[in-house]
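Engineer: Taken in order, these protein sequences are the chains called A and B.
Under this note's numbering, the residues of the first sequence are numbered 1 to 208, in order.
Under this note's numbering, the residues of the second sequence are numbered 1001 to 1099, in order.
No residue lacks a Cβ here, since even glycine has one placed at the ideal position from N, Cα and C.
All values derive from a computational prediction rather than experimental measurement.
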Amino acid sequence: MKTEQDYIKDLTEIRSIMERSTKFLTLTGWAGIMIGIYALAGAYIGYKLSYFDNNADVYNNIVTTEKPAIILNLFLLAIGILILSLGTAIFLSYKKSKKTGDSLWNAAARRLVINMAIPLVTGGLFILILYSKGLIGLIAPVSLIFYGMALLNGSKFTFEEYKYLGIIEIMLGLLASLFIGYGLLFWIIGFGVMHIVYGIYMHLRYEK
Amino acid sequence: MKAILDSLNKAFESRVRLGIMSALAVNNSLDFSALKEYLDVTDGNLASHLKALEKEEYVVMKKSFVGRKPNTSFYITMLGKKAFEEHLTALEKLIKSQK
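In structure tokens form, the structure reads like this:
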């Protein structure tokens, strides 16, 4: 005969399995902090490389051929930061999964990746199209908006807090599209500061 | 009190079976190794509990091939989902009644 305690334990176990089998919980706060730092460093290098702060690169101005070398450098820089960020997040998750005994690449991880990849790839392609049409000023807002959408979509399969980070990124992206000349500033807030703030929050909340 | 106890499903007495049902209730399908990982049980133990649930027609097994490797995945049936939900409701009532 089971006791009341047993039934309560049953319920706790059910809850835990439902969560563990649908959510990817090996993301770490440290990854967020590191990604934020990379983004800030990248923004600084990018600023040094060139900052065209003219509102001229706004919606209707189609000038692309002016600074192809700089644009290529910025593009390589962005790709570099992306790879570094992904690498750090995967590495830290791998370390955490070793500690908790969960496997890294489980059904929940696959779902998270697929659900984030669709908006991210869409956004990436859209940015390439914007670039090819010379709408460079829109790249920062569009990257923030699509990243926010990816977080919002992925948050169902990991910590729920990422939903709010996603909404913040979307709002920053919309604001950035109103103030085109300040793209880099919004980029710094969205990808740099917000990641660090969120990373610290997640670290204190779940890893202390 | 007695009535509530009776409404608890005997098939879910074991915690492993409850675990299997919980995991399958929130996933379309899971393969054997994923279930094993979530529940932290041995192959033989998991297989025998799965077989018992299959016999009740609460879960179904589907064999397929991933490349050349055989892959066994499990789904919850409509009947299984209903039984599991009823069991949860009964557990809830039981705990409430003792408060």
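Which residues share a DSSP beta bridge with A/Ser-116?
Structural biologist: This sequence places Met at residue 116 of chain A; Ser is not what is there. Its beta-bridge partners do not exist; DSSP assigns none.
Engineer: Any C-beta of chain B within less than 7 Å: which residues of the stretch 3 to 20 of chain A qualify?
Structural biologist: Glu-4, Tyr-7, Ile-8, Asp-10, Leu-11, Glu-13, Ile-14, Ile-17, Met-18 and Arg-20
Engineer: Which residues mark the beginning and the end of the alpha helix (DSSP H) in which B/Ser-1097 is found?
Structural biologist: 1078 to 1097
Engineer: DSSP three-state call for B/Phe-1074: helix, strand or coil?
Structural biologist: strand
Engineer: Taking A/Ser-103 as the query, report the chain B residues whose CB atoms sit under 8 Å from its CB, ordered along the chain.
Structural biologist: Glu-1037
Engineer: Give the secondary structure of B/Val-1026 by DSSP, where H, G and I count as helix, E and B as strand, and everything else as coil.
Structural biologist: The three-state secondary structure of B/Val-1026, taken from DSSP, is coil.
Engineer: Taking B/Val-1100 as the query, report the chain A residues whose CB atoms sit under 8 Å from its CB, ordered along the chain.
Structural biologist: Outside the displayed span of chain B (1001 to 1099) sits residue 1100 of chain B, for which this structure offers no information.
Engineer: Quick check on A/Asn-106 - is its C-beta less than 8 Å from some C-beta in chain B?
Structural biologist: With 8 Å as the cut-off, A/Asn-106 counts as an interface residue toward chain B.
Engineer: Look up A/Lys-133 in the DSSP assignment and say whether it is helix, strand or coil.
Structural biologist: coil
Engineer: A/Val-209 by DSSP, collapsed to three states: which one?
Structural biologist: Since the first residue of chain A shown is 1 and the last is 208, residue 209 of chain A is not available in this structure.
Engineer: Using a cut-off of 7 Å between C-beta atoms, extract the partners of B/Arg-1015 located in chain A.
Structural biologist: Asp-10 and Glu-13
Engineer: Is there a Cβ of chain B sitting closer than 8 Å to that of A/Asn-54, yes or no?
Structural biologist: Below a pLDDT of 50, predicted positions are generally treated as unreliable, and A/Asn-54, at 49, falls in that range; the measurement from the model is reported next regardless. Judged by the 8 Å Cβ criterion, A/Asn-54 is not in contact with chain B.
Engineer: Roughly how many whole angstroms lie between the Cα atoms of B/Lys-1010 and A/Leu-11?
Structural biologist: 16 Å
Engineer: Should B/Phe-1032 and B/His-1087 be called a contact, given that it needs their Cβ atoms to be closer than 8 Å?
Structural biologist: no
Engineer: From the beta carbon of B/Ser-1073, is the nearest beta carbon of chain A less than 8 Å away?
Structural biologist: B/Ser-1073 does not count as touching chain A.
Engineer: Would you kindly work out how many angstroms separate the C-alpha atoms of A/Leu-144 and A/Met-171, rounded to a whole number?
Structural biologist: Distance between the alpha carbons of A/Leu-144 and A/Met-171 is about 9 Å.
Engineer: Could you confirm whether any beta carbon from chain A is found closer than 8 Å to the beta carbon of B/Ile-1076?
Structural biologist: Chain A contact via Cβ: absent.
Engineer: So, is A/Ala-69 buried or exposed, given that buried needs 16 or more other C-beta atoms within 10 angstroms?
Structural biologist: exposed
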